[in-house]
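Working notes, beginning with the structure itself.
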Amino acid sequence: MVNWVSSSAIGGLKRLLIGATLLRGKSSRRQSSVYYSRDSRDIWQVTINTTRRHPVSLVSSFWKPAVAPFYVLNRLSSFTFCKSKMVNSVEAASVAESNGYDNGHSAGQEDLVDSPTLFKEIQIPLSWGHLAAKVWGTPNDHPILALHGWQDNAGTFDKLIPLLPSDLYVVCLDFCGHGLSSHYPKGMMYHYWDHIAHIRLVAEYFGWSRFSILGHSLGGIVGSMFTAISPSMVEKLVMIDIVKPISTPARFQPDKSAKAIESYIQVLKKLEQCPPSYTYEAARERLVQANNGSIDAEAAEVLMCRGTKRHEDGGYYYSRDLRHVIPTVASYTAEQHAEYAKRVHCPLLLITAKGGLIYEDRSVIEDFIKIYRDVSKGGFQHAHVDGTHHVHLVNPENIASIVGKFLSHDAQKSTLEN
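The sequence shown runs 1 to 418 under the UniProt record's numbering.
Below, the structure written as structure tokens:
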């Protein structure tokens with residue numbers, strides 16, 4: 001059996017859940033293993049080195065040796081990890097692949113691996129580097145690709161995924177230049193069409209011919225555009241607090257392109273300098289303020305675990321690629337975007353937050369909602385819920401039931417209008 005033990009935190013920090021058990025067998029082969037545990041509010045990522053039948057120690061800049069020794073049983077491979085001081089020490093590092101255990105390993109191993117509250121980190125190799133992803137569940141379950149918002153990362157779904165049905169295999173992707181994914185080579189620019197193309201690469205990596213998409217903000221835009229151009233590949237689509245891409249009237253596009261090029265030049269100059277360094281508290285507060293009240297300090301800490309690194313001066317800096325602040329050089333009009341929306345025929349769950357993002361005229365938003373309702377062949381649902389633009393991260397309980405029922409295989413075709 002796997003026992004979950006709650007250890008009290010020192011100095012007012014929240015509790016850390018540790019999965020512990022005894023390892024059987026006589027082999028003394030040393031391995032490097034990683035497992036992750038969480039409760040409904042706290043995210044902890046723990047790295048351990050194991051020797052069969054020997055205790056292991058918690059790697060942490062906060063937890064004292066009194067926490068150890070404990071024993072762990074797990075079999076996961078190819079991880080990156082986040083050393084944690086209440087997600088306060090956020091250096092990413094690679095961990096050697098685990099080769100598993102020989103005969104005689106203790107019962108409970110599969111329970112650990114299969115638990116919906118556990119995840120593992122993977123890297124998807126690409127020509128310029130890799131895309132990182134946080135994977136929940138087991139590959140035999142229904143595949144879901146979860147896509148985060150602009151300048152966020154895969155951690156944005158940390159509080160929602162454990163509240164969803166356990167038979168989902170959820171791959172939370174870090175877009176290129178975000179989270180733990182590689183940045184583009186020097187001099188290149190990003191465009192959201194890059195993310196759309198990368199979905200195909202991710203699908204090929206996993207061998208998916210058909211899957212569902214769960215997208216927040218930019219992730220919802222990317223998901224809807226991919227669905228429009230590859231309709232046979234998407235089973236269901238969930239869009240959280242986004243209805244359509246941001247459109248630009250044709251008459252404004254030349255000036256917008258000029259500003260984007262100027263921004264590109266300025267950002268390249270900034271990238272030649274060392275990134276600004278902040279204390280952990282200051283970095284957290286800046287992130288809260290930058291999101292205009294959409295996230296609180298706790299949510300900021302979750303995003304910072306993948307979105308900040310230690311500076312050489314001991315402080316912290318935001319690790320996402322600064323080139324993502326460059327505006328899109330080539331934009332689409334609302335009429336062009338509408339043609340893509342008309343090809344989203346799969347079941348669609350649209351979630352809008354009452355305190356959410358306002359980025360276009362309401363009449364335009366209503367026009368697109370009508371398009372989705374008219375063209376959806378598998379059922380259109382719209383839920384208007386309490387919460388901010390980051391409702392899935394700050395108040396996941398407000399949407400977990402809706403999302404879970406929609407993504408489950410026995411979901412009924414019904415419309416939610418609140």
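Built from N, CA and C at the ideal position, the CB exists for glycine as well.
Which of the three DSSP states is assigned to residue i in this structure?
{"i": "ALA132", "result": "strand"}
{"i": "GLU397", "result": "helix"}
{"i": "VAL243", "result": "coil"}
{"i": "HIS216", "result": "strand"}
{"i": "VAL234", "result": "strand"}
{"i": "GLN273", "result": "coil"}
{"i": "VAL34", "result": "With a pLDDT of only 34 at VAL34, under 50, the local geometry of the prediction cannot be trusted, and the value read off the model is given with reservation. Note: VAL34 maps to strand in three-state DSSP."}
{"i": "PHE175", "result": "coil"}
{"i": "residue 419", "result": "Since the displayed the chain opens at 1 and closes at 418, residue 419 lies outside it and no answer follows."}
{"i": "HIS337", "result": "helix"}
{"i": "ARG320", "result": "coil"}
{"i": "ASP374", "result": "helix"}
{"i": "ILE196", "result": "helix"}
{"i": "ARG306", "result": "helix"}
{"i": "ASP386", "result": "strand"}
{"i": "HIS392", "result": "helix"}
{"i": "TYR332", "result": "coil"}
{"i": "PRO139", "result": "coil"}
{"i": "GLU298", "result": "helix"}
{"i": "ILE402", "result": "helix"}
{"i": "THR248", "result": "coil"}
{"i": "VAL90", "result": "Low confidence applies to VAL90: its pLDDT is 27, below 50, so where it sits in the model is not reliable, and the reading given next is rough at best. DSSP places VAL90 in coil when its eight states are reduced to three."}
{"i": "TYR169", "result": "strand"}
{"i": "GLN109", "result": "Model confidence at GLN109 stands at a pLDDT of 27, short of 50, so the residue's coordinates are unreliable; what they give is reported in the following sentence. Note: GLN109 maps to helix in three-state DSSP."}
{"i": "THR352", "result": "strand"}
{"i": "GLN253", "result": "helix"}
Less than 7 angstroms between C-beta atoms, sequence neighbours within five positions excluded: which residues of the same chain meet that for residue i?
{"i": "PRO276", "result": "TYR317"}
{"i": "ASP141", "result": "ASP167, LEU168, TYR169"}
{"i": "PHE380", "result": "LEU348, TYR372, ARG373, THR415"}
{"i": "GLY355", "result": "GLY387, THR388"}
{"i": "PRO185", "result": "TRP128"}
{"i": "VAL394", "result": "ILE295, ASP296, ALA299, GLY387, THR388"}
{"i": "VAL288", "result": "ILE295, ASP296, ALA297, ALA300"}
{"i": "ALA334", "result": "SER247, VAL364"}
{"i": "VAL267", "result": "LEU322, ARG323, VAL325, ILE326"}
{"i": "SER319", "result": "GLY307, THR308, LYS309"}
{"i": "ASN88", "result": "Because the pLDDT at ASN88 is just 28, under 50, the model does not fix this residue reliably, and the point stays unresolved."}
{"i": "LYS270", "result": "LEU322"}
Is the beta carbon of residue j closer than 8 angstroms to that of residue i?
{"i": "CYS346", "j": "PRO245", "result": "no"}
{"i": "ALA353", "j": "ASP241", "result": "yes"}
{"i": "VAL234", "j": "ILE213", "result": "yes"}
{"i": "ILE399", "j": "ILE358", "result": "no"}
{"i": "ASP174", "j": "LEU131", "result": "yes"}
{"i": "MET225", "j": "TYR340", "result": "yes"}
{"i": "MET304", "j": "ALA282", "result": "no"}
{"i": "ILE196", "j": "VAL222", "result": "yes"}
{"i": "GLY219", "j": "GLY137", "result": "no"}
{"i": "ILE265", "j": "VAL202", "result": "no"}
{"i": "ALA383", "j": "ILE369", "result": "no"}
{"i": "PHE157", "j": "HIS390", "result": "no"}
Quick one: what's got a C-beta closer than 6 angstroms to residue i's C-beta in the same chain, skipping five residues either side?
{"i": "HIS198", "result": "none"}
{"i": "GLU397", "result": "none"}
{"i": "GLY404", "result": "LEU164, PRO165"}
{"i": "ASN291", "result": "none"}
{"i": "PHE206", "result": "none"}
{"i": "HIS337", "result": "LYS244, PRO245, SER247"}
{"i": "GLY378", "result": "CYS346, PRO347"}
{"i": "GLU366", "result": "none"}
For the putative contact between residue i and residue j, defined by C-beta atoms under 8 angstroms, what is the C-beta separation to the nearest angstrom?
{"i": "GLY177", "j": "VAL302", "result": "At roughly 19 angstroms, the Cβ-Cβ gap does not stay under 8 angstroms, so GLY177 and VAL302 are not in contact."}
{"i": "ARG286", "j": "TYR280", "result": "Going by Cβ atoms, the distance from ARG286 to TYR280 rounds to 11 angstroms, so no, they are not a contact pair."}
{"i": "VAL344", "j": "THR227", "result": "5 angstroms"}
{"i": "LEU407", "j": "ILE144", "result": "6 angstroms"}
{"i": "GLY179", "j": "GLY307", "result": "6 angstroms"}
{"i": "LYS342", "j": "VAL375", "result": "5 angstroms"}
{"i": "HIS324", "j": "GLN151", "result": "6 angstroms"}
In its own chain, which residues sit with a C-beta less than 8 angstroms from the C-beta of residue i, not counting the 5 before and 5 after it?
{"i": "ASP313", "result": "SER277"}
{"i": "GLU272", "result": "none"}
Worksheet item: Taking one C-beta from the stretch 179-190 and one from the stretch 157-166 each time, how about it: are there three or more such pairs within less than 8 angstroms?
Response: no
Worksheet item: Quick one: any contact between the stretch 250-265 and the stretch 290-302, if contact means 3 or more CB pairs under 8 angstroms?
Response: no
Discussion item. Pairs of beta-carbons, one from the stretch 323-337 and one from the stretch 258-265, closer than 8 angstroms: are there three or more?
Written reply: yes
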